[in-house]
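Asker: In this text, residue positions in the sequence shown follow the working numbering: the first is 3, and each later residue adds one.
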Amino acid sequence: MTAIKPIVSLTLDLPPSCVAFCPTQPQYFVVGTYLLHHNGDHRVKSEVIDAAEASDSARGVGPQRQLRSGSLELYQFQDDEIARIAVEPTPLYSVLDIEWAPYRRPCGDLLAVATSTGSLAFYQLCPQGNRTQLAFKAQKQICDQSVLILDLVWHPRQWDIIGVTLSDGRVCICQSNEGDPWSQATVLSLHTIITHSLEAWTLAFSSSSTSPIEIISGGDDLLLQRASISCETHEHALLWQDRRIHQAGVTAILALTSELIVTGSYDDHIRLISAPSQKPRTVLADEDLGGGVWRLKALPPQIADAEPSADAAISTLPTAGFPNGTLILASCMHAGARLVRLSRDPETETWEFEVLARFEEHKSMNYGSDVQPQRGHWRTFVTTSFYDKLLCLWRYDLETAESGAVD
3 MTAIKPIVSL
13 TLDLPPSCVA
23 FCPTQPQYFV
33 VGTYLLHHNG
43 DHRVKSEVID
53 AAEASDSARG
63 VGPQRQLRSG
73 SLELYQFQDD
83 EIARIAVEPT
93 PLYSVLDIEW
103 APYRRPCGDL
113 LAVATSTGSL
123 AFYQLCPQGN
133 RTQLAFKAQK
143 QICDQSVLIL
153 DLVWHPRQWD
163 IIGVTLSDGR
173 VCICQSNEGD
183 PWSQATVLSL
193 HTIITHSLEA
203 WTLAFSSSST
213 SPIEIISGGD
223 DLLLQRASIS
233 CETHEHALLW
243 QDRRIHQAGV
253 TAILALTSEL
263 IVTGSYDDHI
273 RLISAPSQKP
283 RTVLADEDLG
293 GGVWRLKALP
303 PQIADAEPSA
313 DAAISTLPTA
323 GFPNGTLILA
333 SCMHAGARLV
343 RLSRDPETET
353 WEFEVLARFE
363 EHKSMNYGSD
373 VQPQRGHWRT
383 FVTTSFYDKL
393 LCLWRYDLET
403 AESGAVD
């Protein structure tokens, strides 16, 4: 395992909760920030993972709803230097998650934002004179303002659908009706598919789901579950539930195939799970990463692909492209970030996780991490930590991993 040092480190103005590189213009990335105000004071607190308080807030229990604020900060990375080139304050809400639309058309470079006040916001990356800016496009109130949107995911094949998880336990899809997608004038419909008894932390679309759409979700109630919904009738059905596998809340899900999923949990473990529709779930591989596994990001393939067409989705969940397995970036909260390889032995047909690199310069909770969407063997990562407001840029040589020369 290789211990990595940063190339660049920055201290931000506000606590970072999430980060995302633009897939079509990878020299740009956005950081979302989160600040909770207590009795008029600007006090840093990570209510994002405070399950009890978030649950009470969502149900209207306890003290009056607190004010949260934040920002969207646009950075440009070039020649090993990071420059903040634009800031969009969000004085009425904090940012809990951000994700770029995985399509070249019709969305363009569109960023979806999950807020602390039950709304989705949309920003366009666009040139303004000799600068690039985040331009506000729309904001849609999809649930009560007391509810936090904890996770959002674009459907990998249908541009008019976004999946969300909520602090009141609901797992929903938002569907954009005809017209300019995700514009202020567009009408959205919200459909609840499944619920958790506590916070619904995360979701993923099944890699094979088209119609009906299949969603896998995880919550603070230890529950991992799968359900389907028809795009036409919006009828939904629970396919299975499992509370045996995880010892704490399920916080991250990657759907590698229709039956293979990777999960992260507050119990510090990353797991590969065989999850067929008609058979019991089985853990195929398990690794303790030393900290709560808040988010997982699959690296783009190392082997260069043909350029996708303008209407094609940009792949965010590769299952091939690395000679020796799939590489995953894990945000491990108090333990920092990990680069993990998932591989299968062709002779024994067994799976295993291997930690290739660890980044432990962060001295507080690592929530936001991303990898620059580039080809080649050198990969660039941006990771953040919450309380110390630290942003770090670091690199890893994938040829080191492929040759087996890991410290």
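No residue lacks a Cβ here, since even glycine has one placed at the ideal position from N, Cα and C.
Looking at C-beta atoms only, is the number of pairs between the segment 9 to 21 and the segment 85 to 102 that lie closer than 8 Å three or more?
Answerer: yes
Asker: Hey, S121 and S96 are a contact pair by Cβ (cut 8 Å); roughly how many whole angstroms apart?
Answerer: That pair is no contact at about 12 Å.
Asker: Just list the beta strand (DSSP E) runs in the segment 169 to 241, keeping only unbroken ones of 3 residues or longer that don't cross its boundaries, in chain order.
Answerer: Counting whole runs of 3 or more residues, the segment 169 to 241 contains the beta strand (DSSP E) stretches 172 to 178, 190 to 197, 202 to 207, 215 to 221, 226 to 231.
Asker: Taking its Cβ as the centre, do 16 or more other Cβ atoms sit within 10 Å of R107, making it buried, or is it exposed?
Answerer: exposed
Asker: Using the three-state DSSP reduction, which class does E401 fall into: helix, strand or coil?
Answerer: helix
Asker: Which residue wins for smallest C-alpha separation from E201, given the options M3, V252, T350?
Answerer: V252
Asker: In the DSSP assignment, the beta strand (DSSP E) including A359 goes from what residue to what residue?
Answerer: Run containing A359: 353 to 361, per the beta strand (DSSP E) assignment.
Asker: Looking at I144 and Y174, is the spacing between their C-beta atoms short of 9 Å?
Answerer: Correcting the residue type first, residue 174 is Cys in the shown sequence and not Tyr. Taking 9 Å as the Cβ cut-off, C174 and I144 qualify as a contacting pair.
Asker: By the three-class DSSP mapping on this structure, what secondary structure does K299 have?
Answerer: strand
Asker: Got a sec? Which residues, its chain only, sit under 6 Å from T194 by beta carbon, not counting five neighbours each side?
Answerer: R172, C174
Asker: Classify H40 as helix, strand or coil using the three-state DSSP reduction.
Answerer: strand
Asker: Can you check DSSP and say which residues form a bridge with Y77?
Answerer: F31, R86
Asker: Please report the straight-line C-alpha distance between A421 and F361, rounded to a whole angstrom.
Answerer: The structure shown does not extend to residue 421, since the chain is modelled only from 3 through 409, so no value can be given for it.
Asker: Is it right to say C176 is buried, meaning 16 or more other beta carbons lie within 10 angstroms of its own, or is it exposed?
Answerer: buried
Asker: Could you give the residue range of the beta strand (DSSP E) that holds I330?
Answerer: 328 to 333
Asker: Determine the burial state of N368: buried for a count of at least 16 other Cβ atoms within 10 Å of its Cβ, exposed for fewer.
Answerer: So N368 counts as buried.
Asker: By how many angstroms is the C-alpha of L286 removed from the C-alpha of W353?
Answerer: Going from the Cα of W353 to the Cα of L286 covers about 6 Å.
Asker: Within 10 angstroms of the Cβ of H271, are there 16 or more other Cβ atoms? Answer buried if so, exposed if not.
Answerer: buried
Asker: Look at S477 and A332 and say whether their C-beta atoms are less than 9 Å apart.
Answerer: Outside the modelled stretch of the chain, which goes from 3 to 409, sits residue 477, for which no answer is possible.
Asker: Could you give the distance in angstroms between the alpha-carbon of L190 and the alpha-carbon of L37?
Answerer: Between L190 and L37, the alpha-carbon positions lie close to 28 Å from each other.
Asker: Check for me: the beta strand (DSSP E) holding K139 runs from which residue to which?
Answerer: 133 to 143
Asker: Quick check on R381: buried or exposed, where buried means 16 or more other Cβ atoms within 10 Å of its Cβ?
Answerer: buried
Asker: By Cβ distance below 7 Å, which residues in the same chain neighbour P28 in space, the five residues on each side in sequence not counted?
Answerer: Q374, P375, Q376
Asker: Enumerate in chain order the residues of its own chain whose CB-to-CB distance from L226 is below 6 Å, with the five nearest sequence positions on each side excluded.
Answerer: G220, D244, V252
Asker: Looking at the unbroken beta strand (DSSP E) that takes in Y125, where does it start and where does it end?
Answerer: 121 to 130
Asker: Round the Cβ separation of L392 and S11 to the nearest angstrom and send it over; I've been treating them as touching at under 8 Å.
Answerer: That pair is a contact at about 6 Å.
Asker: Tell me, which residues are paired with G72 by DSSP?
Answerer: T92
Asker: Looking at T204 and R152, is the spacing between their C-beta atoms short of 9 Å?
Answerer: Strictly speaking, residue 152 in this sequence is Leu, with Arg absent from that position. Yes, they are a contact pair.
Asker: As a quick exercise: from S73, P93, T92, L94, pick the residue whose alpha carbon is nearest that of R86.
Answerer: S73
Asker: On the CB-based measure, 16 or more other CB atoms within 10 Å of its CB, does G246 come out buried or exposed?
Answerer: According to the sequence displayed, residue 246 carries Arg and not Gly. Under this definition R246 is an exposed residue.
Asker: Would you kindly work out how many angstroms separate the C-alpha atoms of D307 and H39, rounded to a whole number?
Answerer: For D307, the predicted structure reports a pLDDT of 42, less than 50, and the residue's modelled location is therefore unreliable. The matter cannot be settled from this model.
Asker: Would you tell me roughly how many angstroms separate the C-alpha atoms of F138 and T92, rounded to the nearest one?
Answerer: 11 Å
Asker: Check whether the Cβ atoms of F207 and P158 sit closer than 9 Å, and answer yes or no.
Answerer: yes
Asker: If W156 and A114 are in contact, beta carbons under 8 Å, what's the gap, nearest whole angstrom?
Answerer: 7 Å
Asker: Between which two residues does the beta strand (DSSP E) carrying D99 extend?
Answerer: 97 to 102
Asker: Where does the unbroken beta strand (DSSP E) through V285 begin, and where does it stop?
Answerer: Element bounds for V285: 284 to 290.
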